[in-house]
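From first to last, the protein sequence lines are chains A and B.
So the first sequence is numbered by UniProt numbering: it starts at 1 and just counts up by one.
So the second sequence is numbered by UniProt numbering: it starts at 1 and just counts up by one.
First comes the structure, then the notes that go with it.
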Amino acid sequence: MSARDDVLARIADAHRLAPSPDLPYDAVERAYRGAEVPGPDAGALVDLLVDRLLDYKALVRRTTPDGLAGTVAEALRERGATSLVVPEGVDPAWLASSDVRVVADPGPAGPLTVDALDTADGVLTGCALAVAATGTLVLDGTAGQGRRAVTLVPDYHLCVVRADQVVADVPQAVAGLEPTRPTTMISGPSATSDIELNRVEGVHGPRTLEVVLVEDAGPDRG
Amino acid sequence: MSAVMLGMPGAPPTSPRGVGHLRGEESFPAAARHSLADTQLRANLGHATRTIRGKRAAVVAELPDWEELREAGRQLKVHTMAHLPAYLVQLEEAVTARGGVVHWARDAAEANAIVVDLVRGTGSDEVVKVKSMATQEIALNEALEAAGIAAFETDLAELIVQLGHDKPSHILVPAIHRNRAEIREIFLREMGDVDPALSDDPAALANAARLHLRRKFLSARVAVSGANFAVAETGTLSVVESEGNGRMCLTLPQTLITVMGIEKVVPRYRDLEVFLQLLPRSSTGERMNPYTSLWTGVTPGDGPQEFHLVLLDNGRSAVLSDAEGRDALNCIRCSACLNVCPVYERAGGHAYGSVYPGPIGAILSPQLTGVEDNASLPYASSLCGACYDVCPVKINIPDILVHLRAEHTEAQAAGRRVPTAEAAAMQAAAVVMRSPRRWRLALRGGRLGRLLGRRRGVIGEVPLPVLKQWTDARDLTRPPTSTFRDWWAREHGDGQPSDEGERP
Chain A
1 MSARDDVLAR
11 IADAHRLAPS
21 PDLPYDAVER
31 AYRGAEVPGP
41 DAGALVDLLV
51 DRLLDYKALV
61 RRTTPDGLAG
71 TVAEALRERG
81 ATSLVVPEGV
91 DPAWLASSDV
101 RVVADPGPAG
111 PLTVDALDTA
121 DGVLTGCALA
131 VAATGTLVLD
141 GTAGQGRRAV
151 TLVPDYHLCV
161 VRADQVVADV
171 PQAVAGLEPT
181 RPTTMISGPS
191 ATSDIELNRV
201 EGVHGPRTLE
211 VVLVEDAGPD
221 RG
Chain B
1 MSAVMLGMPG
11 APPTSPRGVG
21 HLRGEESFPA
31 AARHSLADTQ
41 LRANLGHATR
51 TIRGKRAAVV
61 AELPDWEELR
71 EAGRQLKVHT
81 MAHLPAYLVQ
91 LEEAVTARGG
101 VVHWARDAAE
111 ANAIVVDLVR
121 GTGSDEVVKV
131 KSMATQEIAL
141 NEALEAAGIA
151 AFETDLAELI
161 VQLGHDKPSH
171 ILVPAIHRNR
181 AEIREIFLRE
191 MGDVDPALSD
201 DPAALANAAR
211 LHLRRKFLSA
221 RVAVSGANFA
231 VAETGTLSVV
241 ESEGNGRMCL
251 TLPQTLITVM
261 GIEKVVPRYR
271 DLEVFLQLLP
281 RSSTGERMNP
291 YTSLWTGVTP
301 GDGPQEFHLV
311 LLDNGRSAVL
321 SDAEGRDALN
331 CIRCSACLNV
341 CPVYERAGGH
351 AYGSVYPGPI
361 GAILSPQLTG
371 VEDNASLPYA
381 SSLCGACYDV
391 CPVKINIPDI
401 LVHLRAEHTE
411 AQAAGRRVPT
421 AEAAAMQAAA
431 VVMRSPRRWR
441 LALRGGRLGR
451 LLGRRRGVIG
461 EVPLPVLKQW
471 TDARDLTRPP
481 TSTFRDWWAR
491 EHGDGQPSDE
501 GERP
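Following this line, the structure appears as structure tokens:
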């Protein structure tokens with residue numbers, strides 16, 4: 001008997017010895033606030049996201065579509081970044097006011113080496129969505145987000161989030177994701193609680209996470 | 001085919017002896033005696049568990065639907081365990097369809113052999129490792145070492161344990177028994193490339209770990225991980241972590257080997273909406289841990305191009321065959337029960353012998369190994385119930401502890417012709433308690449105990465058979481000068497409960 005058949009047979013034996021209560025999948029009680037529960041309005045969501053991001057020691061800048069290129073340039077200048085990894089699909093307009101050396105990562109066609117990622121000063125991406133209640137950015141490898149290594153090896157990650165990408169909580173985020181894409185949920189810079197259970201920022205992932213939030217200006221925002 | 005036709009099957013085998021880290025070298029009371037004498041250990045544990053209890057309570061209080069999430073988590077686990085074969089087969093199909101290879105292992109030795117073969121097949125003689133309870137359980141590092149393959153632990157706490165030639169003492173924070181000064185000493189002694197001016201500031205220590213492991217990450221060809229969740233519907237695996245060492249291992253090497261217990265499967269991707277809320281808040285007391293990675297088989301051009309998933313039984317099907325104990329398999333390894341346990345806080349993780357310490361370990365380890373191999377663990381609890389209150393999937397740990405105590409007592413009785421001292425005492429107590437008259441006399445006799453403990457006001461160790469076993473780990477209060485019945489008779493006279501009649 002193969003190990004596979006053996007393990008499956010053992011579980012079947014266990015079920016015969018101790019029959020389980022019948023609880024169909026659809027009968028599982030989901031009385032918690034699910035994806036269908038409307039969250040706060042868009043403005044309040046962005047405020048909550050900013051509060052959570054700051055709480056977990058991310059840097060945050062808020063701007064408008066017109067101010068985006070200037071805000072990105074300001075962030076890079078203050079960081080002192082002169083070379084920047086930019087994955088395929090990032091809108092070149094984001095960098096229109098910056099004078100950094102762009103290190104393009106064309107993705108699978110001709111990816112940068114790990115060492116090239118390691119020597120760059122940072123990386124600029126967008127995201128798939130952001131979760132307000134937990135201060136989480138979600139990247140799924142589609143256009144403008146890069147393969148997973150590009151947001152991991154550089155020590156500085158600058159991420160652009162549009163207000164319409166912000167969802168209320170984890171259920172809305174899970175509902176909005178395509179499961180088979182390689183997905184990374186990022187909540188603040190790399191951290192550890194391994195020394196006396198105190199959170200300390202800065203271990204193996206990017207030690208600085210900076211978020212640029214883009215909100216529509218004007219009275220009908222949101 | 002019905003069970004009647006086949007007869008009832010035997011219980012599935014428990015985790016075999018001789019391999020893995022589920023059995024300690026001494027009993028819990030003996031091991032706890034060493035750790036209780038270590039004041040530094042007790043100070044470290046007290047400080048760390050107090051910190052995490054406060055953080056957990058604060059982030060759990062933020063969610064108005066916490067109890068509803070716990071109940072959904074519990075029901076999802078109950079449903080999954082009842083349909084485990086179907087979900088495992090579905091998981092295998094989904095992972096295979098996306099370019100992964102699925103392996104099955106009956107026990108620790110088989111899982112280790114599979115991983116050793118896979119690593120050899122890559123031509124590499126070293127692996128980087130993401131913290132994983134399953135690979136600690138099966139002693140994979142030792143098996144790799146015996147095969148000439150170096151395993152580098154990359155989680156900070158695991159690194160501290162590995163460099164300190166130490167054993168893990170906590171599910172989440174294996175080095176919880178070490179404070180910052182001790183960690184600094186270990187790094188200075190073992191890393192070889194550390195600035196002697198390194199301070200014991202946690203940020204400086206974290207940076208030392210970053211520098212130490214950086215080249216290793218950037219050049220590693222093979223990684224070994226565990227898994228927090230595996231989605232049957234889509235074949236998606238998930239690792240939840242903080243430092244980015246997990247992302248390094250899951251992303252940069254060419255080959256990824258993931259070892260997971262068969263109980264980690266969840267039915268659908270949607271179910272992550274429950275567990276990704278329950279786990280981080282219960283575990284590190286964060287709204288969300290810094291990094292959660294989700295991957296499905298192999299993605300061309302992104303991450304490892306070879307992916308192996310090893311599904312491990314190692315006694316789990318045996319746990320499933322006990323209707324009263326099997327909820328122990330529902331555990332999502334958050335470690336909240338350790339942090340609230342008054343016994344864990346004082347005795348520490350090493351006293352439990354197994355890689356699974358604390359309340360969850362006290363019910364999981366004896367079931368994985370068979371209760372006779374971890375017979376003292378079901379007693380390593382005061383049954384206060386704090387573990388049940390914090391469990392994110394509502395495992396009734398105190399009930400299972402009592403169930404396992406009964407199982408152990410019955411197994412002992414069945415194996416002896418002469419009853420144990422405890423069984424004899426219980427029988428004698430039953431005879432006395434059946435008769436109110438005998439009970440009254442026995443209580444008065446108890447006043448003889450006042451002869452003991454006159455000096456300290458409590459009765460310490462009594463060097464007599466049976467009494468010694470009870471008193472060597474417990475102080476008894478000195479009996480009062482009069483019994484409750486005598487006091488009642490004095491105060492209320494005729495209200496005294498009747499001494500007449502024997503109960504059946």
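A virtual CB, placed ideally from N, CA and C, is assigned to each residue, including glycine.
Everything numeric in this text was worked out from a predicted model, so none of it was measured.
Beta-bridge annotation (DSSP): B/LEU159 is not paired with any residue. The three-state reading of DSSP puts A/GLY122 in strand, counting E and B together. Closest option to B/SER242, judged by alpha-carbon separation, among B/LEU256, B/GLU273 and B/GLY285: B/GLY285. Closest option to A/SER190, judged by alpha-carbon separation, among A/THR136, A/VAL131 and A/VAL167: A/THR136.
Less than 7 Å divides the Cβ of B/TYR87 from the Cβ of B/ALA232.
Positions of the alpha helix (DSSP H) runs, each at least 4 residues long and wholly inside the segment 106–170 of chain B, are given as 108–122, 133–137, 140–146 and 156–163 in order along the chain. Along the segment 209–233 of chain B, the positions whose C-beta sits under 9 Å from a C-beta of chain A are ALA209, ARG210, LEU213, ARG214, PHE217, LEU218, SER219, VAL231 and GLU233, read in chain order. Looking only at B/VAL340, B/ASP399, B/ARG270 and B/TYR269, the smallest Cα-Cα distance to B/ASP327 is reached by B/ASP399. Put simply, the backbone Cα of B/GLY303 is about 4 Å away from that of B/THR251. In this structure the segment 25–35 of chain B does not lie against the segment 32–39 of chain A, because fewer than three pairs of beta carbons, one per stretch, are closer than 8 Å. Under DSSP, B/HIS350 shares a beta bridge with no residue. B/LEU464 has its alpha-carbon roughly 29 Å from the corresponding atom of B/ARG485. The Cβ neighbour count for A/ASP194, taken over all protein chains shown within 10 Å, is at least 16; the residue is labelled buried. Judged by DSSP secondary structure, B/TYR87 falls outside any beta strand (DSSP E) and instead within the alpha helix (DSSP H) spanning 84–97. Between B/ARG287 and A/THR183, the C-beta gap is not smaller than 7 Å, which leaves the two residues out of contact. Between the C-alpha atoms of A/LEU129 and A/ARG147 there is a straight-line separation of about 16 Å. Excluding its 5 nearest sequence neighbours in each direction, A/LEU117 has C-beta neighbours in its own chain below 7 Å: VAL85, ALA149, VAL150, VAL153 and PRO154, listed in chain order. For the 7 Å CB-CB criterion, B/PRO267 and A/TYR32 do not form a contact. For B/HIS408, the enclosing alpha helix (DSSP H) has its first and last residue at 397–414.
Between B/GLY349 and B/HIS170, the C-beta spacing is below 7 Å. In this structure, the alpha-carbon of A/VAL50 lies about 13 Å from that of A/CYS159. Listed along chain A are SER20, PRO21, LEU23 and VAL28, each with a C-beta nearer than 9 Å to that of B/VAL78. Closest by C-alpha distance to B/GLN90, out of B/GLU145, B/ILE262 and B/LEU452, is B/ILE262. By the C-beta density criterion, B/GLU153 is buried, having at least 16 other C-beta atoms within 10 angstroms. The Cβ neighbour count for B/HIS165, taken over all protein chains shown within 10 Å, is under 16; the residue is labelled exposed. At a cut-off of 7 Å between beta carbons, A/GLU196 contacts chain B. At least one beta carbon of chain B lies nearer than 7 Å to the beta carbon of A/GLY205.
In this structure, B/LEU338 keeps its C-beta atom at 7 Å or more from the C-beta atom of B/PRO378. With respect to the C-alpha of B/LEU364, the residue from B/ILE397, B/CYS341 and B/PRO392 having the closest C-alpha is B/ILE397. Per the DSSP secondary-structure output, A/SER20 pairs with nothing in a beta bridge.
In this structure, A/ALA173 keeps its C-beta atom at 7 Å or more from the C-beta atom of A/VAL203. Distance from the CA atom of A/VAL200 to the CA atom of B/PRO196, rounded to whole angstroms, is 21 Å. In the pairwise beta carbon analysis, the segment 102–114 of chain B is classified as touching the segment 12–25 of chain B: at least three pairs are separated by under 8 Å. In this structure, DSSP gives B/CYS337 a helical state, which the three-state scheme calls helix.
Near chain A, meaning a CB-to-CB distance below 9 Å, the residues of the UniProt domain "4Fe-4S ferredoxin-type" (328–395) of chain B are ASN339. Counting C-beta pairs with one atom in each stretch, the segment 40–52 of chain B and the segment 54–65 of chain A have fewer than three that are closer than 8 Å, which means they do not touch.
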